[in-house]
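The sequence shown runs 71 to 878 under this note's numbering. This report concerns only the one structure given below.
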Amino acid sequence: MDQVRFAALCAEELSAAEGGIGTLGEKRLHAVLKRYYEPRAEYREVRAGRYVADVCNENGIIEIQTGSFSALRKKLPALLAQYPVTLVHPLPATKTIQWIAPDSGLVSEPRRSPKKGAWIDACYQLCFAADLLTLPGLTIQLLLVDLDEYRLQNGWGNDGKRGSTRHERLPSALSAELTLRCPADYLALLPSGLPDPFTTTDLRCAAKRSATLAAKAVRVLLAVGAIEKCGKRKNSILYTYSKGVLSMKLSDMNYTRPNLSKMLEELKQLCQRMEKADEKEAFDIFEAYEAISDRWATEATLASIRHTCDTRDAFYDAENDFFDESSPLVADAANTLNRLLLKSEHRPALEAKFGKLLFQKLEIASKSICEAIIPLMQQENALTSRYEKLYASAQIPFDGKLLTVPQMAPYKESRDRSVRRAAMIAEGEWFDAHRAEFDEIYTKMVENRTAQAKQMGYDNYIPLGYLRMNRIGYGQKEVEAYREAVAKELVPVVAELKELQRKRIGAEKLCYYDDGFRFAEGNAAPHGTPEEILAAGKKMYHELSPETAKFIDFMFDGDLFDVLSREGKAPGGYCTYIPEYHAPFIFSNFNATADDVDVLTHEAGHAFAAYLAAGQKLPSALREPGLESCEIHSMSMEFLTSDYHHLFFAEDTARYQLAHAEAAISFLPYGCMVDEFQHLVYASPNATPEERNAFWAELEKKYRPWIDFESLPFYGRGAGWQRQLHIYELPFYYIDYCLAQTVALQFFAAFLKDKRNAWQRYLALTNLAGTRTYTELVTSAGFRTPFEPGAVKEVAVTVADWIKTHQI
71 MDQVRFAALC AEELSAAEGG IGTLGEKRLH AVLKRYYEPR AEYREVRAGR YVADVCNENG
131 IIEIQTGSFS ALRKKLPALL AQYPVTLVHP LPATKTIQWI APDSGLVSEP RRSPKKGAWI
191 DACYQLCFAA DLLTLPGLTI QLLLVDLDEY RLQNGWGNDG KRGSTRHERL PSALSAELTL
251 RCPADYLALL PSGLPDPFTT TDLRCAAKRS ATLAAKAVRV LLAVGAIEKC GKRKNSILYT
311 YSKGVLSMKL SDMNYTRPNL SKMLEELKQL CQRMEKADEK EAFDIFEAYE AISDRWATEA
371 TLASIRHTCD TRDAFYDAEN DFFDESSPLV ADAANTLNRL LLKSEHRPAL EAKFGKLLFQ
431 KLEIASKSIC EAIIPLMQQE NALTSRYEKL YASAQIPFDG KLLTVPQMAP YKESRDRSVR
491 RAAMIAEGEW FDAHRAEFDE IYTKMVENRT AQAKQMGYDN YIPLGYLRMN RIGYGQKEVE
551 AYREAVAKEL VPVVAELKEL QRKRIGAEKL CYYDDGFRFA EGNAAPHGTP EEILAAGKKM
611 YHELSPETAK FIDFMFDGDL FDVLSREGKA PGGYCTYIPE YHAPFIFSNF NATADDVDVL
671 THEAGHAFAA YLAAGQKLPS ALREPGLESC EIHSMSMEFL TSDYHHLFFA EDTARYQLAH
731 AEAAISFLPY GCMVDEFQHL VYASPNATPE ERNAFWAELE KKYRPWIDFE SLPFYGRGAG
791 WQRQLHIYEL PFYYIDYCLA QTVALQFFAA FLKDKRNAWQ RYLALTNLAG TRTYTELVTS
851 AGFRTPFEPG AVKEVAVTVA DWIKTHQI
């Protein structure tokens, strides 16, 4: 969308009209759009078979329809038989009306119409071609355009206005574009705030349009397969999104590298408009920015997914490098617009619609980036990619095979203690063999991030890191107090539980290779193949609730998983979101341990939250809360699915659930250790690799005093932190898991008392998406925040009591 060029074309067309408005020849709106879509005159008004196309060029036909679609019923199929067709239809975003006296030609003063255009208005015409909209090769492009409309005062009534003739429409500005290709795209015609399911009355009220238009919209959406009937409410038919309509298969999602210079120019134009915008235009600019942001995020996410699925793929490796270089430039350009929004006189109106929290997030973003640090951010991205590729390249010789780090996991949980120890040694030796590179990458990362912070005016990276984590309502002081509460109130409790574990497995002392081994007969492992595990996950979500049933069908219909471990695949697991396809995606490395099931609860918890938010049509900044709140979605789901764990573990379910509860509570000291380590590192950015390892070794004594590291390679020298991806890639993220886990354990306690109530509280919290802060979300669910005195101890006692009474 090039709004500056469009406005220039509007001005040219107006000045080209000789003799004034009363004698205009060709309709100016049509003329402007033709020149906008095709500047070259020789490609306009081109014969295509029996018909003349408005534009016919190397990309196909562009047909501009400013009037009724009924006129296209014969022409459109004929054109599509020869070329792909883009059908452009402009809609009034705003409109001023002037009246022309038919006798004198005098033109009245302009009157601004109070009605504002919306995408649903297109259904007035789309309904006349509803059966043609799914023809192969057809793309519909809708435009919201500011118009000056001139009408002849030749109607009936005392003022001659009723039934009058529309003489001309002059465009002045382009507000927004919407492209419709597939059923999912048509859902953008629906207004925000529409319930699911809905009736035509619900649609009429949400859209603030007539019953006639609501009925036409339903007809169009049914014709393209975007919605379907799902029952009745009294005498009214209910409609819902068609099964799988939003779920295009991942393999069919087209990736195209964004045009960086064009996107930066679009953002620059938005900034220029914002400086002199009225209230209506300020809203248009915000919506235009959201569209640009989603377009960029979609391509970046697709490239990232395909890169992490195979880090050896040369094409997506190059695309990953492109985004490493380009993302800081786009972020800085977006931040320029953010600053203009923050100081805009229209901020109160924007806050009234979107909420003050949105602007709090924009304020935080504005303090975390500036143009001067873009080269450093580009370097940081490159270092992150280098670490990821190094980690993914691991080929560890063990058991006669070459294994990746995730593939080593089953050996580290072997019933044979000597195998567990040997696996730890083999893994540690690989990390030691690459010690210099791991140390070099992290040293450069610390130097880089420290330099960014100093450029931004901070003493060190810690305050900048907190800003980039989008923390609202708490800070470093509260986090430090939480860590100390964990060290004083929780670590002794976990030490008691670890002693029970030591006795269960029959070890004289708990060595590092024993820490994750919980039963003498072996840890519980899921039964079945990866395909059977996924099928059990689908059954679980079908039975859990109607909301999760729809969600899991969406995920499977779109093949929105990649969970098998293989050579060249990036390590770890994540859930991400593809905005333009409204689709979450789950990435993992199955390794035949209980971790595989945790993926189907933890990462699916993230995906479920993204799926719910997608249906609310929220601004991008409000689709998800801070990461400490996002992790509540995932970690709580691990407990709230307890009734279905037997689908994976059968007779081993009790062992799994005991191990899971133990792992959940014993994770908190480890997570705090990761966080405190990073505070020490960034407060002492000149520390050597050996000094960093000493920090870690000392923290092990504080947070995990029960572990004996013996003289294991890598781990025994205090370097085990280098396995933790977050320390390299996402500084200060890890404490978010702890803050979320403290809430998830409260959900666990609530689940033990009243399962239905716990689920309803979870669903309500998740449906709030990013419209509340962390502390507001926690209190909305009726829980204590981890920062409250005694909150950590209360959680520790409750969960520890359950663990002690469920020993096996």
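Backbone N, C-alpha and C define an ideal beta-carbon position, used for all residues, glycine too.
Worksheet item: Identify the residues that DSSP records as bridge partners of Ile307: which are they?
Response: According to DSSP, which records beta bridges pairwise, Ile307 is partnered with Lys302.
Worksheet item: Since Cys379 is in the alpha helix (DSSP H), which residue starts that stretch and which ends it?
Response: Secondary structure note for Cys379: its alpha helix (DSSP H) is the uninterrupted segment Glu349 to Cys379.
Practice prompt. Starting from Trp169, trace the alpha helix (DSSP H) both ways and give me its first and last residue.
Written response: First-last for Trp169: Val155 to Ile170, but that is the beta strand (DSSP E), not the alpha helix (DSSP H).
Fill in: Three-way DSSP call (helix, strand, coil) for Lys639 in this model
Correct three-state label for Lys639: coil.
Fill in: For Ser736, the nearest candidate out of Val158, Tyr773, Phe631 and Leu453 (CA to CA)
Nearest of Val158, Tyr773, Phe631 and Leu453 to Ser736, Cα basis: Tyr773.
Worksheet item: With a CB to CB cut of under 6 Å and the five nearest residues on each side skipped, what residues in its chain are close to Ile622?
Response: Excluding sequence neighbours, Ile622 sits near Lys608 and Tyr611.
Item to complete: Give every residue of the same chain whose Cβ lies closer than 7 Å to the Cβ of Thr671, excluding the five residues on either side of it in the sequence, and list them in chain order.
Response: Answer for Thr671: Met707, Glu708 and Thr711, listed in chain order.
Worksheet item: Within the chosen definition, does the segment 279-286 reach the segment 188-201 through at least 3 CB pairs nearer than 8 Å?
Response: Taking 8 Å as the limit for Cβ pairs, the verdict is that the segment 188-201 does touch the segment 279-286.
Worksheet entry | Backbone secondary structure at Thr845 - three-state DSSP | Thr845 falls in the helix class under three-state DSSP.
Item to complete: Just mark Arg485 as buried or exposed, buried being the case when its beta carbon has 16 or more other beta carbons within 10 Å.
Response: Exposed.
Item to complete: Indicate whether the contact test is met: 3 or more Cβ pairs, each with one atom in the segment 737-748 and one in the segment 548-561, closer than 8 Å.
Response: Two segments are said to touch when three or more pairs of C-beta atoms, one from each, lie closer than 8 Å; by this definition the segment 737-748 touches the segment 548-561.
Worksheet item: Out of curiosity, what's the CA-to-CA distance linking Ser414 and Ile434?
Response: Here the alpha carbon of Ser414 sits roughly 17 Å from the alpha carbon of Ile434.
Fill in: Where Glu483 falls: helix, strand or coil (DSSP)
The answer is coil: DSSP assigns Glu483 none of H, G, I, E or B.
Discussion item. Quick check: what's the CA-CA separation for Phe821 versus Ala828?
Written reply: Approximately 5 Å, taken between the alpha carbons.
Discussion item. Once DSSP output is grouped into helix, strand and coil, what is the label at Gly852?
Written reply: Of the three classes helix, strand and coil, the one that applies to Gly852 here is coil, per DSSP.
Fill in: Member of Ala733, Ser463 and Tyr106 whose CA lies at the smallest distance from the CA of Ser242
When only C-alpha atoms are compared, the closest one is Tyr106.
Worksheet item: What did DSSP end up calling Ala148 once you bin it into helix, strand or coil?
Response: Judged by DSSP in its simplified three-state form, Ala148 adopts helix.
Item to complete: For Arg181, name the three-state secondary structure that DSSP assigns.
Response: In this structure, Arg181 counts as strand in the three-state DSSP scheme.
Discussion item. For Leu472, count the other beta carbons within 10 Å of its own beta carbon; 16 or more makes it buried, fewer makes it exposed. Which is it?
Written reply: By the beta-carbon neighbour count (other beta carbons within 10 angstroms, threshold 16), Leu472 is exposed.
Worksheet entry | Simplified DSSP state of Ala834, which is helix, strand or coil | Here Ala834 sits in helix by DSSP.
Item to complete: Could you give the DSSP three-state label for His562: helix, strand or coil?
Response: The residue you asked about is not His; residue 562 is Pro in the sequence shown. The answer is helix: DSSP assigns Pro562 an H, G or I state.
Item to complete: Please work out which residues of its chain come closer than 6 Å, Cβ to Cβ, to Gln792, disregarding the five sequence neighbours upstream and downstream, and give them in chain order.
Response: Only Phe508 meet the Cβ criterion.
Practice prompt. Enumerate, from N- to C-terminal direction, the unbroken beta strand (DSSP E) stretches of 3 or more residues contained entirely within the segment 625-675.
Written response: Fully enclosed beta strand (DSSP E) runs of no fewer than 3 residues occupy 631-634, 644-648 and 653-660 of the segment 625-675, in order along the chain.
Worksheet item: Is the number of C-beta pairs between the segment 647-660 and the segment 337-351 that are closer than 8 Å three or more?
Response: No, the segment 647-660 is not in contact with the segment 337-351.
Worksheet entry | Straight-line gap, Asp380 to Asn127 (C-alpha atoms, nearest Å) | Those two C-alpha atoms are separated by around 37 Å.
Discussion item. For Lys302, which residues in the same chain have their Cβ closer than 7 Å to its Cβ, ignoring the five residues on either side in sequence?
Written reply: Leu308, listed in sequence order.
Practice prompt. Look at the alpha carbon of Leu94 and the alpha carbon of Gln135, and state the distance between them as a whole number of angstroms.
Written response: With a pLDDT of only 37 at Leu94, under the threshold of 50, the placement of this residue in the model should not be trusted; the figure read from the coordinates follows. When rounded, the distance between both Cα atoms is 19 Å.
Discussion item. Taking contact to mean 3 or more Cβ pairs, one atom from each stretch, closer than 8 Å, check whether the segment 455-468 and the segment 417-436 are in contact.
Written reply: The answer is no - the segment 417-436 does not touch the segment 455-468, with fewer than three Cβ pairs under 8 Å.
Worksheet entry | Bridge partner(s) assigned by DSSP for Lys471 | Looking at the DSSP output, Lys471 sits in a beta bridge with Phe468.
Worksheet entry | For Glu569 and Asp871, the rounded distance between their alpha carbons | Distance between the alpha carbons of Asp871 and Glu569 is about 15 Å.
Worksheet item: Between Ala851, Ala861, Ile878 and Leu838, which lies nearest to Gly425 when the distance is taken from Cα to Cα?
Response: Closest option to Gly425, Cα to Cα, is Leu838.
Discussion item. Quick check on Val667: buried or exposed, where buried means 16 or more other Cβ atoms within 10 Å of its Cβ?
Written reply: By the beta-carbon neighbour count (other beta carbons within 10 angstroms, threshold 16), Val667 is buried.
Worksheet item: So Glu517 and Pro755 are in contact, right, with Cβ under 8 Å, and what is the actual spacing, rounded?
Response: In this structure Glu517 touches Pro755 by the C-beta definition: roughly 7 Å separates them, less than 8 Å.
Item to complete: Grab me the residues of Phe501's own chain with a C-beta within less than 6 Å of its C-beta, minus the 5 sequence neighbours each way, in chain order.
Response: Hits under 6 Å: Phe784.
Item to complete: May I ask which residues mark the beginning and end of the beta strand (DSSP E) holding Asp216?
Response: If you look at Asp216, you'll find it in the beta strand (DSSP E) that goes Leu208 to Leu222.
Worksheet item: Pick from Ala851, Thr849 and Leu800: whose alpha carbon is nearest that of Ser519?
Response: Residue 519 is actually Arg in this sequence, not Ser. Nearest C-alpha to Arg519: Leu800.
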